[in-house]
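Scroll down for the structure; my scribbles are underneath it.
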Amino acid sequence: MKHDRLMLAAILAFIHAVTSRFFVAFTREITRADAGPLLTAALLALVNFVLFVFLMTTFKRLLNERYQFTDADLPILALIGLQLVGIVLVLLPLAGIGYGSFLWIMRLMGIVSGLAWLGLAWRLWNLPPETIKMLRPYTVAIAAMGISYASVVLVGLGSLLGIVADILLGVIFIQETGKPEPGQIEA
């Protein structure tokens, strides 16, 4: 994997730490179904989704190509799929479907998403800790985030843990830029 992609992923992980939580806070504050706030929410949802997909696919490629670790592929793809479903739910009010009627679906999505994060954490825990230095703290952060989301009442804590997890993922990407590609000899 190219070092440029890893460095870009690190920068975007730090950006995602801020923007994704802003998106969550903004969508919770929508009380009226006016076009302006809904279009802003749609734009933020799209940006959040693109960042999330880039980060998760980069992390998946890093695990697959550099460490031949494919056990985390299914939870990562499930999280991307859940993120897509969440965006569709955010965009439905633009089509005129009531915003408040999806509250229970969003709670269910939180539970399923929390379980998917726990699944990813469990899979990553099986990777030897000396492989990637910050993997254990990242795994603990996403496990705690998954528990928080799955509990529904601790979603606010889950959002804070998501910021920590995004920052740790950015640090992992930065650390990986300093490692040689498999098959290359360090100069």
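Be aware that the sequence shown starts at -14, since it is given in the numbering used here, and climbs by one per residue.
All residues carry an ideal CB built from backbone N, CA and C; glycine is no exception.
Assuming the contact rule is C-beta atoms closer than 8 Å, residue i and residue j should be a hit. Round their C-beta distance to whole Å, please.
i    : j    : result
G131 : L112 : Not really, about 17 Å apart at Cβ, beyond 8 Å.
Y134 : W102 : 7 Å
Can you tell me whether residue i is buried or exposed, with buried defined as 16 or more other CB within 10 angstroms of its CB?
i    : result
P165 : exposed
W89  : exposed
V70  : exposed
A20  : exposed
D56  : exposed
Taking C-beta to C-beta, are residue i and residue j nearer than 8 Å?
i    : j     : result
L29  : F8    : yes
Q160 : K118  : yes
G147 : R6    : yes
G155 : A(-2) : yes
L64  : L105  : yes
V140 : A126  : no
Using alpha carbons as the reference points, say which of the options lies closest to residue i.
i     : options              : result
S144  : I157, A128, G21, L48 : A128
I(-4) : L40, A135, L76       : L40
F37   : L59, H1, E50         : H1
A(-6) : L77, K45, L139, S136 : K45
V73   : P60, L59, L62, M94   : M94
V97   : P114, L67, T162      : L67
V75   : I61, P60, M91, L153  : M91
F34   : L62, M(-8), L48      : L62
Of all the alpha helix (DSSP H) runs that stay within the bounds of the region 88 to 172, which reach a length of 4 or more residues? Whole alpha helix (DSSP H) segments, 4+ residues: 88 to 110, 120 to 136, 140 to 162.
At what residue ranges does the region -9 to 48 contain a whole run of the alpha helix (DSSP H), taking only runs of 4 or more? With a minimum length of 4 residues, the continuous alpha helix (DSSP H) runs that stay inside the region -9 to 48 are 20 to 46.
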